[in-house]
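Sequential numbering from 3 applies to the sequence shown in our numbering.
Note that CB positions come from ideal geometry on N, CA and C, so glycine has one too.
Structure first, then comments.
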Amino acid sequence: MRIVVTGGAGFIGSAVCRHLVTATEHEVLNVDKLTYAGSLTSLAPVSKASTYRFLKADICDADVMATAFRDFAPDAVIHLAAESHVDRSITGSRDFIETNVIGTYTLLETARAYLSELPPSRREAFRFLVVSTDEVYGSLGPEGLFSEDTAYDPSSPYSASKAASDHLAMAWHRTYGLPVIISNCSNNYGPYQFPEKLIPLIILNGLEGKSLPVYGNGSNVRDWLYVEDHAKALLLILKTGQIGRKYNVGGGNERRNIDVVRQICASLDKLHPEGRPHDQLITFVTDRPGHDHRYAIDAQRLEQELGWRAGETFDTGLTKTVAWYLASRNWWQPLRDRVYAGERLGTLPWVATGTG
Ligand SMILES: NC(=O)c1ccc[n+]([C@@H]2O[C@H](COP(=O)([O-])OP(=O)(O)OC[C@H]3O[C@@H](n4cnc5c(N)ncnc54)[C@H](O)[C@@H]3O)[C@@H](O)[C@H]2O)c1
Numbered sequence: 003m004r005i006v007v008t009g010g011a012g013f014i015g016s017a018v019c020r021h022l023v024t025a026t027e028h029e030v031l032n033v034d035k036l037t038y039a040g041s042l043t044s045l046a047p048v049s050k051a052s053t054y055r056f057l058k059a060d061i062c063d064a065d066v067m068a069t070a071f072r073d074f075a076p077d078a079v080i081h082l083a084a085e086s087h088v089d090r091s092i093t094g095s096r097d098f099i100e101t102n103v104i105g106t107y108t109l110l111e112t113a114r115a116y117l118s119e120l121p122p123s124r125r126e127a128f129r130f131l132v133v134s135t136d137e138v139y140g141s142l143g144p145e146g147l148f149s150e151d152t153a154y155d156p157s158s159p160y161s162a163s164k165a166a167s168d169h170l171a172m173a174w175h176r177t178y179g180l181p182v183i184i185s186n187c188s189n190n191y192g193p194y195q196f197p198e199k200l201i202p203l204i205i206l207n208g209l210e211g212k213s214l215p216v217y218g219n220g221s222n223v224r225d226w227l228y229v230e231d232h233a234k235a236l237l238l239i240l241k242t243g244q245i246g247r248k249y250n251v252g253g254g255n256e257r258r259n260i261d262v263v264r265q266i267c268a269s270l271d272k273l274h275p276e277g278r279p280h281d282q283l284i285t286f287v288t289d290r291p292g293h294d295h296r297y298a299i300d301a302q303r304l305e306q307e308l309g310w311r312a313g314e315t316f317d318t319g320l321t322k323t324v325a326w327y328l329a330s331r332n333w334w335q336p337l338r339d340r341v342y343a344g345e346r347l348g349t350l351p352w353v354a355t356g357t358g
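What follows is the structure in structure tokens.
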């Protein structure tokens, strides 16, 4: 297949590109605007391969997308490009609406026009996979799991913009017959994650002896998946998933944030001992506005219908991740120095209370 990967210079997109180029025969066109979150160094392992090419472009630019599709002639799209950090969406939501809503709309329309020119056999085989998040489902109480039938109930500007993207994609399938599939995945972690997200932030602050911020009392629960398991799941869904269907992706690794932070500290104590235990650096800070309490994924459909299994447990994946950051200062130090040094994001001067 010839696959357009949008957002391929980001955390998950680069894992998808590395997997496609090193472990499969598929050809990749990576379309990425290179925002603060995109880094071409994440693609160094594949950038010279004959089956890989890169286009610096904004997915909201309809003319550039049309030309890219015409020139590359894809058989499939894996759409990952997005603004992805909840805290940034709280203090500045415009980019989220533009990329996550207008960007998805632009790609859907680009694909629709492109398909209309294809011969029927290639049109039949075409797939458009929208990579989404479990955050569209909102927050769970102490019990229960998100299934593909759980109603959308997003809490943040980020998750609302991703919900809009999913709704547009499914509407383009129902109305125009676009061969859309949607995946909704839980929190990813692993190598090459931009150091604003919880796990890399804690690893790097711990390495530098800085405080380790935990929002609220640290009891919020996330369901963690190693990024390379996600990349493999996406290819499986693209190849064998049913058009017009959604697939939840999750590793069944529910952890409270405070427990994740403590486990990173224990791992750093072992791999990078510094005299005193790293958990002495933990600091509880003001909670995120609208912070969802718990996410947990029911991935039965993906496992039973498509035969997917995660390869890493949280323990093996986290150890690999800590070891990768210890060995990869050349990747993260320029980002810490020039793009984001670890300051708190997403706080507000006031939040109205008592609103339903
Ligand atoms: N990280 C997670 O835990 C997680 C979990 C589930 C789903 N997702 C979804 O997976 C996708 C990728 O997430 P990520 O964590 O890799 O994000 P990321 O922020 O690391 O990467 C996003 C990439 O998109 C690019 N981009 C942003 N706006 C663009 C635009 N207008 N045009 C072209 N490129 C643009 C950026 O340059 C960057 O390379 C997103 O759609 C996200 O919603 C993420």
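Under the three-state DSSP convention, the category residue i falls into
i       : result
Arg-346 : coil
Glu-276 : coil
Ile-61  : coil
Pro-351 : coil
His-175 : helix
Arg-90  : helix
Arg-258 : strand
Arg-129 : strand
Val-48  : coil
Ala-329 : helix
Phe-56  : strand
Glu-29  : strand
Asp-155 : coil
Val-341 : coil
Tyr-38  : coil
Ala-1   : Here the chain has residues from 3 to 358 only, and residue 1 is not among them.
Gly-143 : coil
Glu-314 : coil
Pro-121 : coil
Gly-358 : Here Gly-358 scores only 48 on pLDDT, less than 50, and its place in the model should not be relied on; the value that follows carries that caveat. Gly-358: coil per DSSP, three-state reduction.
Glu-100 : helix
Asn-222 : coil
Ser-95  : coil
Phe-13  : helix
Pro-202 : helix
Identity of the residues DSSP links to residue i by a beta bridge
i       : result
Asn-190 : Leu-227
Ile-299 : Phe-148
Lys-248 : Ile-184
Ser-134 : Asn-186
Tyr-217 : Val-287
Arg-4   : Glu-29
Ala-78  : Ile-5, Arg-129
Exposure label - residue i; buried when at least 16 CB within 10 Å
i       : result
Leu-273 : exposed
Val-353 : exposed
Glu-307 : exposed
Gly-12  : buried
Asp-60  : buried
Cys-19  : buried
Gly-252 : buried
Glu-85  : buried
Thr-135 : buried
Leu-350 : exposed
Gly-358 : In this prediction, Gly-358 has a pLDDT of 48, which is less than 50 and means its spatial position is unreliable; nothing more can be read from the coordinates.
Arg-124 : exposed
Pro-193 : buried
Val-1   : Lying before the first or after the last residue shown, residue 1 is absent from the chain, which here runs from 3 to 358.
Ala-343 : exposed
Ala-25  : exposed
Thr-177 : exposed
Option nearest residue i by Cα separation, candidates the options
i       : options                            : result
Leu-292 : Ala-59, Pro-156, Ile-61            : Before going further, note that residue 292 is Gly rather than Leu in the sequence given. Of the listed residues, the one whose Cα sits closest to Gly-292 is Pro-156.
Thr-323 : Ala-165, Thr-349, Leu-270, Thr-288 : Leu-270
Pro-122 : Asn-222, Pro-181, Glu-345, Leu-36  : Pro-181
Phe-316 : Leu-110, Ile-201, Leu-347, Ile-183 : Ile-201
Ile-183 : Leu-237, Gly-253, Leu-36           : Leu-237
Asn-255 : Thr-285, Val-223, Gly-277          : Val-223
His-87  : Ala-162, Asp-73, Ser-149           : Ala-162
Val-66  : Pro-336, Thr-108, Ile-204, Thr-242 : Thr-108
Lys-50  : Tyr-342, Glu-145, Glu-29           : Glu-29
Pro-279 : Val-7, Thr-242, Leu-214            : Leu-214
Thr-242 : Trp-310, Lys-212, Pro-193          : Trp-310
Glu-137 : His-21, Asn-186, Arg-258           : Asn-186
Trp-333 : Gly-313, His-21, Pro-47, Thr-24    : Pro-47
Asp-63  : Ile-239, Glu-111, Gln-282          : Glu-111
Gly-313 : Ala-233, Val-33, Glu-126           : Ala-233
Arg-318 : Ile-266, Ser-330, Gln-302          : Rather than Arg, the amino acid found at residue 318 in this sequence is Thr. Among Ile-266, Ser-330, Gln-302, the Cα nearest to that of Thr-318 is on Ile-266.
Asn-117 : Phe-71, Thr-26, Ile-239, Ala-165   : In the sequence on display, residue 117 carries Leu and not Asn. When each option's Cα is compared against that of Leu-117, the closest is Phe-71.
Phe-196 : Glu-27, Asp-339, Ala-25, His-21    : Asp-339
Gln-302 : Leu-320, Ala-165, Asn-250, Ala-173 : Asn-250
Anticipated Cβ contact below 8 Å, residue i with residue j, distance rounded
i       : j       : result
Leu-170 : Thr-106 : 6 Å
Ser-362 : Leu-227 : The question about residue 362 has no answer here: the residues shown for the chain are numbered 3 through 358.
Phe-148 : Asp-77  : That belief does not hold up - the Cβ atoms of Phe-148 and Asp-77 are roughly 31 Å apart, past 8 Å.
Phe-98  : Tyr-160 : 6 Å
Interface flag, residue i vs chain B, CB-CB below 8 Å
i       : result
Thr-288 : Included in the structure is just one protein chain, with no chain B present.
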